[in-house]
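*Asks:* Submitted below is the structure of interest, expressed as structure tokens.
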Amino acid sequence: MKNVSVMNYNYQRYPLEYFLDSMNRLNVEAIELWAAEPHLYVEDLPASRLAQIRREIVSRGLKVICFTPEQCAYPVNIAARDERLRNRSISYFKKSLEVAAELESPLLLVVPGSGFYNEPKEEGFKRSAESLRILGEEAEKYGIHIVMETRSKYGTNLVNTRADLRKLVDEVNSPFVDPMLDTVPMFTEGEDVRAWLDDFGDRLRHVHFCDGDGKGGSNMAVGDGVFPMQQYWELLNREYNGYLTLELVVNRYYLEPEQEVQKCLDRLRAMQ
Amino acid sequence: MIESGMRIAPMNVLYKFFSLDYFLDAVVRNHCRTIELWGGAPHIDIEEITSEEVRHLKKRISSRSLQVCCLTPETGLYPVNIASEDKLTSKRSEAYLMKALEVAAELGIPLMQVTSGSGYDNESVDEAWGRSVDILGRIVLRAEALGIELALEPLSRHESNLVYNSATLGRMLADIDSPVLGVQLDTSVAAAAGESPWDYFRLFGTRIKHIQLIDGPDGHLAWGDGSLPLAQYGAEACEHGYTGSFGLELFDHKYYVEPDQVLARSIGALRSLDVKGGGQA
Numbered sequence: 001m002k003n004v005s006v007m008n009y010n011y012q013r014y015p016l017e018y019f020l021d022s023m024n025r026l027n028v029e030a031i032e033l034w035a036a037e038p039h040l041y042v043e044d045l046p047a048s049r050l051a052q053i054r055r056e057i058v059s060r061g062l063k064v065i066c067f068t069p070e071q072c073a074y075p076v077n078i079a080a081r082d083e084r085l086r087n088r089s090i091s092y093f094k095k096s097l098e099v100a101a102e103l104e105s106p107l108l109l110v111v112p113g114s115g116f117y118n119e120p121k122e123e124g125f126k127r128s129a130e131s132l133r134i135l136g137e138e139a140e141k142y143g144i145h146i147v148m149e150t151r152s153k154y155g156t157n158l159v160n161t162r163a164d165l166r167k168l169v170d171e172v173n174s175p176f177v178d179p180m181l182d183t184v185p186m187f188t189e190g191e192d193v194r195a196w197l198d199d200f201g202d203r204l205r206h207v208h209f210c211d212g213d214g215k216g217g218s219n220m221a222v223g224d225g226v227f228p229m230q231q232y233w234e235l236l237n238r239e240y241n242g243y244l245t246l247e248l249v250v251n252r253y254y255l256e257p258e259q260e261v262q263k264c265l266d267r268l269r270a271m272q
Numbered sequence: 001m002i003e004s005g006m007r008i009a010p011m012n013v014l015y016k017f018f019s020l021d022y023f024l025d026a027v028v029r030n031h032c033r034t035i036e037l038w039g040g041a042p043h044i045d046i047e048e049i050t051s052e053e054v055r056h057l058k059k060r061i062s063s064r065s066l067q068v069c070c071l072t073p074e075t076g077l078y079p080v081n082i083a084s085e086d087k088l089t090s091k092r093s094e095a096y097l098m099k100a101l102e103v104a105a106e107l108g109i110p111l112m113q114v115t116s117g118s119g120y121d122n123e124s125v126d127e128a129w130g131r132s133v134d135i136l137g138r139i140v141l142r143a144e145a146l147g148i149e150l151a152l153e154p155l156s157r158h159e160s161n162l163v164y165n166s167a168t169l170g171r172m173l174a175d176i177d178s179p180v181l182g183v184q185l186d187t188s189v190a191a192a193a194g195e196s197p198w199d200y201f202r203l204f205g206t207r208i209k210h211i212q213l214i215d216g217p218d219g220h221l222a223w224g225d226g227s228l229p230l231a232q233y234g235a236e237a238c239e240h241g242y243t244g245s246f247g248l249e250l251f252d253h254k255y256y257v258e259p260d261q262v263l264a265r266s267i268g269a270l271r272s273l274d275v276k277g278g279g280q281a
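Protein sequence lines, in the order shown, are assigned to chains A and B. In terms of the UniProt record's numbering, the first sequence opens at residue 1 and continues consecutively. In terms of the UniProt record's numbering, the second sequence opens at residue 1 and continues consecutively.
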């Protein structure tokens with residue numbers, strides 16, 4: 001279970017420190033830090049608060065294995081047609097790289113953004129790749145790898161399948177911009193873990209290990225949905241060396257977050 | 001019948017994967033004349049929008065003979081929380097809403113939506129409540145000066161521990177105590193909290209400034225996609241003499257891909273209702 005990491009997303013009704021304490025109580029060492037209000041919004045993060053957050057993490061013996069600034073709900077889109085929005089998004093991720101470096105995270109999660117649905121897909125794709133090339137160069141300076149996940153067609157018109165992601169990775173062509181797997185959009189597209197491992201091999205740097213309803217809904221607790229999680233678990237444990245993050249996004253997981261994560265961990269132990 | 005689309009107010013959040021002009025054209029195609037304007041990306045950047053851009057926006061709306069019944073700046077999804085204990089966040093949030101008021105004034109919009117923000121679930125509600133009252137109070141004063149009314153919308157309980165049902169809403173209205181601050185009723189949020197428009201009308205009467213008439217209770221759904229009694233809700237609103245608009249705040253991941261169909265379907269359902277007294281919104 002050393003390869004299981006937990007994200008603070010469903011702890012958003014509680015302070016960040018509560019989440020960190022909860023990880024200690026649950027004996028989890030690796031965290032994926034979702035960076036958003038009220039925990040930490042990179043645009044409103046003075047150096048003193050960042051240093052404090054770093055201390056809070058280190059003093060609890062925790063490590064950040066991926067830094068994930070909010071970018072789906074927030075007005076952030078590296079593929080936006082609007083230049084101001086696109087530039088602001090790039091600068092948001094540059095700031096995020098600085099914060100990730102300070103927190104010693106080896107990874108920064110960046111979604112490829114979306115074009116307008118009534119313009120040719122290629123145009124948005126081109127803007128996304130251009131932005132990612134800029135961010136890849138910046139990431140290289142810190143030695144941080146950017147990881148990109150697919151999203152369902154309900155979240156982007158650019159990168160829905162692993163073929164789309166492969167195309168984007170090739171187009172960006174940076175050793176610091178890599179693919180990652182989120183099992184929810186994977187399942188929604190009718191793909192499976194086997195195919196992702198075959199396609200990306202060692203280049204697959206990160207995984208969101210989530211269950212789902214199979215109908216395009218959000219990321220669920222392991223065992224609450226319909227995915228063959230046992231099969232995914234065995235395959236990934238055998239052939240993949242990175243972390244598997246529990247990312248609980250559905251709002252019924254917010255009120256008692258620790259109980260929900262505990263439930264996932266218990267179910268994973270039973271799969272061992 | 002709801003007269004010639006005067007009272008149905010489509011909202012652009014449904015078209016977040018399309019340009020704002022595309023949305024405005026869709027409203028015209030559906031013979032609606034009123035919109036509820038959502039302030040969010042990629043359509044309107046409240047923090048960054050310039051006066052020149054607002055003037056241009058005004059032309060894009062008026063050249064299509066549309067009017068805006070309410071400005072609803074995105075707050076729930078954005079890093080905006082007037083009850084935050086973090087000073088930078090509360091300052092940013094107050095500035096954001098003040099800027100939204102200026103935008104509403106320049107566009108000639110008579111009403112703006114606000115929410116209470118939220119405290120943490122493991123901390124005292126009273127302190128967060130006090131922070132919310134302080135900032136809302138200042139927003140109310142500025143709105144009054146600009147001649148704009150405010151509609152306070154309850155959030156869901158998983159979003160806020162402050163104003164999340166009719167009781168907490170009533171408490172906030174009493175604490176702020178200004179005729180400028182009224183109520184926004186979102187039928188889906190109300191239903192999720194176990195309440196109905198009737199509860200709201202009984203408690204708030206004419207202080208209800210705006211209604212988002214949407215199906216639910218699990219989401220902000222197009223009519224027919226949820227289980228709420230639309231006809232009954234429409235009748236209740238009219239019985240109580242509500243003359244405002246009905247905002248169509250539809251958002252669901254699946255809707256964003258084909259908003260035209262979703263909008264047409266919802267408008268069709270509303271037009272089939274026998275709702276009388278169509279106020280000239």
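Cβ atoms here follow ideal geometry from the backbone N, Cα and C, with glycine treated the same way.
When you compare only the Cα positions, how much space is there between Asp211/A and Phe204/B?
*Replies:* Approximately 43 Å between the Cα atoms of the pair.
*Asks:* Mind listing the chain B neighbours of Ser48/A? Cutoff is C-beta to C-beta under 8 Å, in chain order.
*Replies:* Here the premise fails: no neighbours, minimum Cβ distance about 11 Å.
*Asks:* Taking the Cβ atom as the reference point for each residue, do Pro73/B and Tyr96/B lie within a distance shorter than 8 Å?
*Replies:* Yes, the pair counts as a contact, with Cβ atoms nearer than the cut-off.
*Asks:* Please tell me whether Met1/B has its Cβ less than 8 Å away from any Cβ of chain A.
*Replies:* In this prediction, Met1/B has a pLDDT of 41, which is less than 50 and means its spatial position is unreliable; what the coordinates show is noted afterwards. No, Met1/B lies away from the interface with chain A (no Cβ there is under 8 Å from its Cβ).
*Asks:* Between Lys59/B and the rest of its own chain, which residues show a CB-CB distance below 8 Å, the 5 nearest in sequence each way excluded?
*Replies:* Taken in chain order, the list of residues that qualify is empty.
*Asks:* From the beta carbon of Pro154/B, is the nearest beta carbon of chain A less than 8 Å away?
*Replies:* Answer no: the Cβ-Cβ gap between Pro154/B and chain A never drops below 8 Å.
*Asks:* Does the segment 102–111 of chain A touch the segment 64–77 of chain A, meaning 3 or more C-beta pairs lie closer than 8 Å?
*Replies:* Flag = yes, the segment 64–77 of chain A and the segment 102–111 of chain A touch.
*Asks:* Would you kindly work out how many angstroms separate the C-alpha atoms of Tyr154/A and Phe227/A, rounded to a whole number?
*Replies:* When rounded, the distance between both Cα atoms is 19 Å.
*Asks:* Is DSSP giving Thr68/A helix, strand or coil here?
*Replies:* Strand.
*Asks:* Using DSSP with H/G/I as helix, E/B as strand and the rest coil, what is Gln231/A?
*Replies:* Looking at Gln231/A - three-state DSSP - the assignment turns out to be helix.
*Asks:* Quick check on the burial criterion: 16 or more other C-beta atoms within 10 angstroms. Buried or exposed for Leu14/B?
*Replies:* Result: buried.
*Asks:* Output needed for Ala193/B: all residues of its chain with C-beta closer than 6 Å, excluding positions within five of it in sequence on either side, in chain order.
*Replies:* Only Asn165 meet the Cβ criterion.
*Asks:* Can you find a C-beta in chain B that's less than 8 Å from the C-beta of Tyr14/A?
*Replies:* Closer than 8 Å to some Cβ of chain B, the Cβ of Tyr14/A qualifies, so yes.
*Asks:* Spell out the partners DSSP gives Thr89/B in its beta bridges.
*Replies:* DSSP lists no partner for Thr89/B.
*Asks:* Are the CB atoms of Ser152/A and Gly216/A within a distance shorter than 8 Å?
*Replies:* Contact flag set, yes.
*Asks:* Mind checking which residues open and close the beta strand (DSSP E) that includes Val68/B?
*Replies:* Taken as a continuous stretch (DSSP letters only), the beta strand (DSSP E) holding Val68/B covers Gln67 to Pro73.
*Asks:* Any C-beta of chain A within less than 7 Å: which residues of the segment 8–22 of chain B qualify?
*Replies:* Under the 7 Å Cβ criterion, the segment 8–22 of chain B contributes Phe17, Phe18, Ser19 and Tyr22.
*Asks:* Do you know offhand how far Leu45/A's Cα is from Leu213/B's?
*Replies:* Taking the straight line from one Cα to the other gives about 39 Å.
*Asks:* Quick check: what's the CA-CA separation for Gly277/B versus Met7/A?
*Replies:* Caution applies to Gly277/B, whose pLDDT of 38 falls short of 50 and renders its modelled position unreliable; the value that the coordinates give is listed next. Rounded to whole angstroms, Gly277/B to Met7/A spans 51 Å at the Cα level.
*Asks:* Show which residues of chain A have a CB atom less than 8 Å away from the CB atom of Gly40/B.
*Replies:* Those within 8 Å of Gly40/B in chain A are Pro75.
*Asks:* Just grab the DSSP bridge partners of Asp211/A for me.
*Replies:* Met220/A.
*Asks:* What residues from chain B crowd round Lys121/A, counting only those whose CB sits closer than 8 Å?
*Replies:* Simply none; closest approach about 12 Å.
*Asks:* Going by alpha carbons, who is nearest to Gly115/A out of Leu158/A, Gly136/A, Leu103/A and Thr150/A?
*Replies:* Nearest option by C-alpha distance: Leu158/A.
*Asks:* Please check if any C-beta of chain B sits within less than 8 Å of the C-beta of Ser105/A.
*Replies:* Not an interface residue.
*Asks:* Check whether the Cβ atoms of Val147/A and Asp178/A lie closer than 8 Å to each other.
*Replies:* Cβ atoms of Val147/A and Asp178/A: closer than 8 Å.
*Asks:* Can you tell me which of Ala231/B, Gln232/B and Pro217/B puts its alpha carbon nearest to the alpha carbon of Asp225/B?
*Replies:* Measuring from the Cα of Asp225/B, the nearest candidate turns out to be Pro217/B.
*Asks:* Please report the distance separating the alpha-carbon of Tyr22/B from that of Ala104/B.
*Replies:* Those two C-alpha atoms are separated by around 21 Å.
*Asks:* With DSSP run on the structure shown, which of helix, strand or coil describes Ile2/B?
*Replies:* Reliability of the predicted coordinates at Ile2/B is poor, the pLDDT of 46 falling under 50, and the value obtained from them is presented with this limitation in mind. Looking at Ile2/B - three-state DSSP - the assignment turns out to be coil, as it is neither helix nor strand.
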